[in-house]
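Order-wise, the sequence lines are chains A and B.
In this text, residue positions in the first sequence follow the working numbering: the first is 41, and each later residue adds one.
In this text, residue positions in the second sequence follow the working numbering: the first is -14, and each later residue adds one.
Built from N, CA and C at the ideal position, the CB exists for glycine as well.
Bear in mind the structure is a predicted one, so any value in this text is a computation, not a measurement.
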Amino acid sequence: MKQRECCAQIIIKLAWFLTLAGVLAGCSGLPPYESDLPANLNVKTRLSSPFLLHTAPLAGTFEADMHVNSVDRRCQKNYRGSVKLGSAAVMVGIPAGQPSYLVFEFSGRSFLTRGTASSSTYATLLTPRSGYQYDVDVAYADKMYSITVYERDPRGGPRREIERRPFSACKPN
Amino acid sequence: MTPARMFFVFSTAVLLFGCASQPKTADQLRDNVKHNAAFSSREVFDVKKPYHQVSGTLKKKWLECLDSTATGSMYRGKGLVAVQTNVYKPKVAVTARRTELTLQHKVTGGSKQLGSPPPDGFFIIVTDVYSANTNTSRVDVQKHTLGYAGVMKAIRHWAEGTNMGCPDLAQ
Chain A
41 MKQRECCAQI IIKLAWFLTL AGVLAGCSGL PPYESDLPAN LNVKTRLSSP FLLHTAPLAG
101 TFEADMHVNS VDRRCQKNYR GSVKLGSAAV MVGIPAGQPS YLVFEFSGRS FLTRGTASSS
161 TYATLLTPRS GYQYDVDVAY ADKMYSITVY ERDPRGGPRR EIERRPFSAC KPN
Chain B
-14 MTPARMFFVF STAVLLFGCA SQPKTADQLR DNVKHNAAFS SREVFDVKKP YHQVSGTLKK
46 KWLECLDSTA TGSMYRGKGL VAVQTNVYKP KVAVTARRTE LTLQHKVTGG SKQLGSPPPD
106 GFFIIVTDVY SANTNTSRVD VQKHTLGYAG VMKAIRHWAE GTNMGCPDLA Q
């Protein structure tokens, strides 16, 4: 009986560490955002982990994701997938002329503290104009972050900063 | 009574005392700070900028940065992970002479908040901005909660214009 309990405990521990290893390896299970639309959103990211425990040498992770939600006329959100934000710039296409709800999530995880994790979010509504490009600068350092969205006319002219719009700004029509 | 049980009883008493006095309005929070309630603190500072400028900046950053959700998870042993989701609701009221910025906190997952919190959560931080004189504004930040040093620091940065980033509410 004791041997059976011991085996069960070992299996539970093994399952836990395998799950954790999977998460740390990047298999977070988030469906990737995929779109055939022409790329109009260009995201550049700079991340600096807030804790030593959330760094790779200590088997921790610190990462950023952008979750893309489409928003319909009744202001209903529909999750479309996520984009992992790293040191390389990412370009994706989101529908022009209709609002998308972009949720940026910063998350850290520490293997040494048995997978203790934390995350925080910043979200904004964005309705891209047809033919325009949108640059998003994402930066995280010293436990502070900034997310700035710029609109750019590819035909020229200076880009302009777009203010954050909360979800409550969505009005059904 | 074993030391462990004594610790549990003491911790529960402290928690219940803390929960019982958690503010449900901005005025209750100010009152708690005035009476030096446990876990309350206050920071008052002047900024050499006119009132309308400081008020405008703080209003923008308050609504932009503190409308956030933070999640924390902790390994509890035996394969169990406890997850808690904290939802923050910033609000602003502006008049010609005074700006009131409030932050409410609600727990939506993992554990239950005692003490019947209001729909948007207990008030944890209240910031009042006044005009000290023509070119100086006074910022009065009152807090009744543990932690949130990052928010306190960010408020000063925003008011002084030294760093317009958002504090990570999960840290």
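CB contact below 8 Å: B:E145 versus chain A
The sequence position of residue 145 of chain B within the second sequence is 160, counting from 1. Answer no: the Cβ-Cβ gap between B:E145 and chain A never drops below 8 Å.
Exercise. Verify whether the separation of the beta carbon atoms of A:E103 and A:K124 is less than 8 Å.
Key: Locating residue 103 of chain A in the first sequence gives position 63, counting from the first residue. Locating residue 124 of chain A in the first sequence gives position 84, counting from the first residue. Their beta carbons are under 8 Å apart, which means A:E103 touches A:K124 by this criterion.
* Asked: Out of A:A129, A:M106 and A:A128, which has the shortest C-alpha to C-alpha gap to A:G121?
  -> Numbered from its first residue, the first sequence carries residue 121 of chain A at position 81. Nearest option by C-alpha distance: A:M106.
query: If B:D105 sits next to B:K91, beta carbons under 8 Å apart, how far is it from one beta carbon to the other, in whole angstroms?
result: Numbered from 1 along the second sequence, position 120 holds the residue referred to as residue 105 of chain B. Numbered from 1 along the second sequence, position 106 holds the residue referred to as residue 91 of chain B. Confirmed, Cβ separation roughly 6 Å.
Worksheet entry | DSSP bridge partner residues for B:H142 (one or two, in chain order) | Here residue 142 of chain B corresponds to residue number 157 of the second sequence, with the count starting at 1. In the DSSP output, where bridge partners are listed per residue, B:H142 has none listed.
Exercise. Would you say B:Q38 reaches chain A, if we count a Cβ-Cβ gap shorter than 8 Å as a contact?
Worked result: Along the second sequence, one-based indexing puts residue 38 of chain B at 53. False, the Cβ-Cβ gap to chain A never drops below 8 Å.
*Tell me whether A:S138 is buried or exposed, calling it buried when 16 or more other Cβ atoms sit within 10 Å of its Cβ.*
Here the question's residue 138 of chain A lines up with position 98 in the first sequence. Looking at the sequence itself, residue 138 of chain A is Gln, so the reference to Ser does not match. Exposed: under 16 other Cβ atoms inside 10 Å.
Exercise for the section: Could you list the residues in the stretch 52 to 84 of chain B with a C-beta less than 8 Å from some C-beta on chain A, going in chain order? Expected result: D52, S53, T54, A55, T56, G57, S58, M59, Y60, K63, G64 and V66
Is the beta carbon of A:Y172 closer than 8 Å to that of A:A179?
What you label residue 179 of chain A is simply residue 139 of the first sequence in a count that begins at 1. What you label residue 172 of chain A is simply residue 132 of the first sequence in a count that begins at 1. Not in contact: A:A179 and A:Y172 (Cβ atoms no closer than 8 Å).
Next item on the list: Using a Cβ cut-off of 7 Å, pull out every chain B residue sitting near A:Y185, in sequence order please.
Entry: Counting from one through the first sequence, the residue named residue 185 of chain A turns up at place 145. Simply G150, C151 and D153.
How should B:N118 be labelled, buried or exposed, when 16 other C-beta atoms within 10 angstroms of its C-beta is the threshold for buried? What you label residue 118 of chain B is simply residue 133 of the second sequence in a count that begins at 1. Exposed, because fewer than 16 other Cβ atoms sit within 10 Å of the Cβ of B:N118.
Notebook entry, point to check: Can you list the residues of chain A that B:A117 reaches, using a CB-CB cut of under 7 Å?
Noted result: For the purposes of this step, residue 117 of chain B is taken as the residue at position 132 of the second sequence. Those within 7 Å of B:A117 in chain A number zero; the least Cβ separation is about 27 Å.
**Report entry** C-alpha gap between A:G62 and A:P135, whole angstroms
**Finding:** Locating residue 62 of chain A in the first sequence gives position 22, counting from the first residue. Locating residue 135 of chain A in the first sequence gives position 95, counting from the first residue. Low local confidence applies: a pLDDT of 46 at A:G62 is under 50, so the model's placement there is unreliable, with the coordinate-based value given in what follows. Roughly 33 Å separates the two Cα atoms.
So is A:T161 in contact with chain B if we call contact Cβ pairs under 8 Å? Translated into the one-based positions of the first sequence, residue 161 of chain A becomes position 121. Closer than 8 Å to some Cβ of chain B, the Cβ of A:T161 qualifies, so yes.
#### Entry: Sequence-distant residues of the same chain with beta carbon closer than 8 Å to A:N109, five excluded per side
The residue you call residue 109 of chain A lines up with position 69 of the first sequence. The residues are K117, N118, Y119, R120, S140, Y141, L142 and V143.
| Distance between A:C210 and B:L43 (C-alpha atoms, nearest Å) | Working through the second sequence from its first residue, we reach residue 43 of chain B at position 58. Working through the first sequence from its first residue, we reach residue 210 of chain A at position 170. Their backbone Cα atoms lie some 23 Å apart in a straight line.
Excluding five sequence neighbours on each side, which residues of the same chain lie with their C-beta closer than 6 Å to the C-beta of B:M59?
Within the second sequence, the letter at position 74 stands for residue 59 of chain B. Result list for B:M59: A67, in chain order.
(message) Between the alpha carbons of B:A139 and B:G150, how many angstroms are there, rounded?
(response) Mapped onto the second sequence, residue 139 of chain B falls at position 154. Mapped onto the second sequence, residue 150 of chain B falls at position 165. Answer to the nearest angstrom: the Cα atoms are 8 Å apart.
Review point. When DSSP builds the beta bridges, which residues end up paired with B:Q69?
Key: Reading the second sequence from its first residue, position 84 is the one you call residue 69 of chain B. DSSP lists B:G57 as partners of B:Q69.
For this session: Determine, using beta carbons only, whether B:H99 and B:F24 come nearer to each other than 8 Å.
Result: Position 114 of the second sequence, counting from 1, holds the residue named residue 99 of chain B. Position 39 of the second sequence, counting from 1, holds the residue named residue 24 of chain B. Strictly speaking, residue 99 of chain B in this sequence is Leu, with His absent from that position. No, Cβ-Cβ distance for B:L99 and B:F24 is not below 8 Å.
Closer than 8 Å to chain B by CB, A:A61:
As a first step, residue 61 of chain A must be located in the first sequence, where it is residue number 21. Only weak support is given to the placement of A:A61: the predicted model assigns it a pLDDT of 46, under 50, and the value that follows is read from those uncertain coordinates. Judged by the 8 Å Cβ criterion, A:A61 is not in contact with chain B.
*Interface residues of chain A around B:A22 at Cβ under 9 Å?*
The count along the second sequence starts at 1 and reaches residue 22 of chain B at position 37. Within 9 Å Cβ-Cβ: nothing; B:A22 doesn't reach chain A, min ~27 Å.
> Run through DSSP, which three-state label would B:K33 get?
Replying inline: Here residue 33 of chain B is taken as the residue at index 48 of the second sequence, counted from 1. Three-state result, B:K33: coil.
Point to revise | Start-to-end residues for the beta strand (DSSP E) that takes in A:R86 | key: Here residue 86 of chain A is taken as the residue at index 46 of the first sequence, counted from 1. From DSSP, the beta strand (DSSP E) with A:R86 extends over L81 to L87.
*State the CB to CB distance for the pair A:P206 and B:D52, rounded to an integer number of angstroms; the pair is presumed to be in contact (CB under 8 Å).*
Taking the first residue of the first sequence as position 1, residue 206 of chain A is located at position 166. Taking the first residue of the second sequence as position 1, residue 52 of chain B is located at position 67. Between B:D52 and A:P206 the Cβ distance is about 6 Å, and since that is below 8 Å, they are a contact.
| query | So what's B:N148 in DSSP terms, helix, strand or just coil? | reply | Translated into positions along the second sequence, residue 148 of chain B becomes position 163. Here B:N148 sits in coil by DSSP.
* Whose C-beta lies closer than 8 Å to the C-beta of A:A163 among residues of the same chain, with five residues either side of it excluded? -> Indexing the first sequence from 1 puts residue 163 of chain A at position 123. Around A:A163: Y141, L142, V143, F144, P206 and F207.
Please work out which residues of its chain come closer than 7 Å, Cβ to Cβ, to A:T161, disregarding the five sequence neighbours upstream and downstream, and give them in chain order.
-> By 1-based counting over the first sequence, the position of residue 161 of chain A is 121. Excluding positions up to five away in sequence, the list reads V143, F144 and E145.
**Message:** Which residues in chain B have a C-beta closer than 8 Å to the C-beta of A:F144? List them in chain order.
**Reply:** Residue mapping note: residue 144 of chain A aligns to position 104 of the first sequence, counting from 1. Correct list: empty, because the minimum Cβ distance to chain B is about 10 Å.
Q) By a C-beta neighbour count over all protein chains shown, 10 Å radius and 16 as the cutoff for buried, is B:F107 buried or exposed? A) Position 122 of the second sequence, counted from the start, is the residue given in the question as residue 107 of chain B. Classification of B:F107: buried, given that the 10 Å Cβ count is 16 or more.
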